[in-house]
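For the sequence shown, the residue numbers in my numbering are 1 to 355. Backbone N, C-alpha and C fix where the C-beta goes; we use that ideal spot for every residue, glycine too. Just so you know, these numbers come straight off a predicted model, no measurement behind them. One structure is given here, and the rest of the page talks about it.
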Amino acid sequence: MPRRITAEDVEALALGGAILGGGGGGSPEGGRRKGLLALEIGDIWLYQPDELPEDTIVATIVALGAPTQRSRMKPSGFIRAAQLLWESGIEFEGVIAAENGGYNSFGGWLPAAALELPVVDAPCDGRAHPTAVMGSMGLHRLEDYRSVKAIVAEGVEVVAWGSVETTSRVARLVASERGMVAMARDPVALSYAVEHGAPGAVSKALELGHLVLKALREGAERAVRAAMEYLGGSILCRGRVRRKHLETRGGFDVGLLEVEAEGEKYELTFLNEYMTLERGGRRLATFPDLISTFDDEGRPITSAAVEEGDEVYVTIVPRERIPIGDGLRYSDVYRPVEEALGKAMTKHLKGFLIE
């Protein structure tokens, strides 16, 4: 039976989604507001994939942009993006999230509430990722596949047709000009999302969030430990952010953090999400390993929100312990990351990549 979402679930998903965001995936406070607004509009029902026919067509709903860029995009943009896809002759019967994140775990909730659509627990990815191609579930590798993206921002509506890579560049271009966009994209049969996405990942974020909310009553460190025990990860350190460098480039937040803890210095690079973690030049974790930061209250904090002087926990969850969509398993999707950060990625992912 589908799960009827409550206000308590919204609080939990904002928290659990942010942890699985790995530094990206949007603001948990923004996600909380979005989730509560959706509940004001209508009921939200979360369906497991086996509760719907496998040929049900689902569209991905997601926000895209650099988190630190100012945006005036209204919540109604997500509803409009879904409608724009319909108006373009593209049919779909349900919605899925592109990823887990404090904001993007709520992907599809607003159009689901307004248009009476089911939210299906089969997101494209179980963690957050920086590029739309990474969230394509491998569609970019299908010969002759024609991608479609309905993109809405302040004063802009665009429907882009073409390859996954081309339409993704169009969306990123709009985001770089407008700060943030709402997007409805690339409907697929539910069976495809189950095989190539991360089925059950939203429920995992919900369960994680409820667990951490309870643990927060016992203090910050207990909350962080509870999250790592649940996910099978570890706390690397608790330290202070000595340096943060950030620039907005091509619709991404690009930069690094330097954290000092017990005489050791750690470097975290990010392209919205944390991409690499090093100590003394030695690689400790590489995306899609889940590299996360928590504030001194034990709550997840994104790369955009961390500031110099903050005291943070740095955690690592091996990629094998989290649900990951097939879009992250191709070497070509890491080239933009390597170019933006000047860091090797694929050589650290041997055994994980399909090709």
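By alpha-carbon positions, which one of the options ends up nearest to residue i?
i                : options                        : result
isoleucine 5     : Arg242, Ile61, Thr302, Ala112  : Ala112
leucine 349      : Leu271, Asp289, Ser303, Glu51  : Asp289
glycine 42       : Trp86, Leu115, Arg32, Glu297   : Leu115
valine 170       : Ala132, Ile291, Leu213, Glu54  : Ala132
glutamate 262    : Glu311, Glu11, Gly65           : Glu311
proline 75       : Glu99, Gly31, Ala97            : Gly31
proline 28       : Val306, Glu91, Ala14           : Ala14
tyrosine 334     : Ala12, Glu93, Ala153, Met134   : Met134
arginine 3       : Tyr47, Ala38, Ala344, Trp161   : Tyr47
phenylalanine 92 : Asp121, Thr346, Leu173, Leu117 : Leu117
serine 303       : Leu206, Asp9, Ile19, Gly351    : Ile19
glycine 281      : Glu264, Val58, Glu143, Val188  : Glu264
leucine 231      : Leu257, Arg185, Ala201, Tyr103 : Ala201
isoleucine 96    : Tyr103, Val62, Arg127          : Val62
aspartate 332    : Lys347, Pro318, Ile322         : Lys347
glutamate 338    : Thr276, Pro323, Ala305         : Thr276
glycine 26       : Asn272, Phe287, Gly219         : Asn272
leucine 208      : Pro300, Glu154, Val194         : Pro300
glycine 22       : Arg33, Phe352, Glu247, Tyr313  : Tyr313
leucine 236      : Leu142, Glu260, Glu54          : Glu260
threonine 167    : Arg185, Ala193, Glu157         : Arg185
glycine 233      : Tyr192, Glu157, Glu177, Glu320 : Glu320
arginine 242     : Arg146, Gly250, Asp253, Tyr266 : Tyr266
tyrosine 274     : Arg283, Glu258, Leu284, Ser292 : Ser292
leucine 142      : Gly327, Thr286, Phe106         : Gly327
leucine 213      : Leu52, Ala226, Ser203          : Ala226
aspartate 50     : Val194, Arg80, Pro67           : Val194
So what's residue i in DSSP terms, helix, strand or just coil?
i              : result
serine 105     : helix
methionine 275 : strand
tyrosine 230   : helix
arginine 146   : coil
isoleucine 41  : helix
alanine 356    : Limits of the chain in this structure are 1 at one end and 355 at the other, which puts residue 356 out of reach.
glycine 351    : coil
glutamate 116  : coil
histidine 245  : strand
glycine 25     : coil
aspartate 121  : coil
isoleucine 5   : coil
glutamate 51   : helix
glycine 30     : helix
arginine 169   : helix
glycine 162    : strand
alanine 193    : helix
threonine 346  : helix
glutamate 262  : coil
Run the CB neighbour count on residue i, radius 10 Å, all protein chains shown included, and call it buried at 16 or more, exposed below.
i              : result
histidine 140  : buried
methionine 183 : buried
leucine 268    : buried
tryptophan 109 : buried
arginine 217   : exposed
isoleucine 354 : exposed
lysine 343     : buried
valine 152     : buried
alanine 175    : buried
histidine 129  : buried
methionine 1   : exposed
alanine 7      : exposed
valine 317     : buried
arginine 329   : buried
serine 88      : exposed
Quick one: measure Cβ to Cβ for residue i and residue j, integer angstroms, because I've assumed they're closer than 8 Å.
i                 : j             : result
valine 148        : valine 164    : Incorrect: roughly 10 Å between the Cβ atoms, too far for contact.
arginine 240      : glycine 298   : In fact, because the Cβ distance is near 16 Å, the residues do not count as touching under 8 Å.
glycine 94        : glycine 17    : That belief does not hold up - the Cβ atoms of glycine 94 and glycine 17 are roughly 19 Å apart, past 8 Å.
arginine 190      : threonine 60  : It is worth fixing the name first, because residue 190 is leucine in this sequence and not arginine. Contact doesn't hold; Cβ gap of about 12 Å is too wide.
glycine 65        : glycine 179   : 6 Å
alanine 12        : histidine 210 : 4 Å
glycine 325       : aspartate 125 : 4 Å
phenylalanine 294 : valine 224    : 5 Å
isoleucine 322    : arginine 127  : 6 Å
| task | Ignoring anything shorter than 4 residues or poking outside the segment 64-97, list the alpha helix (DSSP H) runs there in chain order. | result | Entirely contained in the segment 64-97, the alpha helix (DSSP H) runs reaching 4 residues are, in chain order, 76-87.
| field | Completely contained alpha helix (DSSP H) runs for the segment 270-343, where each covers 4 or more residues | value | 335-341
| field | 4-residue-minimum alpha helix (DSSP H) runs that sit fully inside the segment 200-230, ordered along the chain | value | DSSP runs (the alpha helix (DSSP H)) wholly in the segment 200-230: 201-215.
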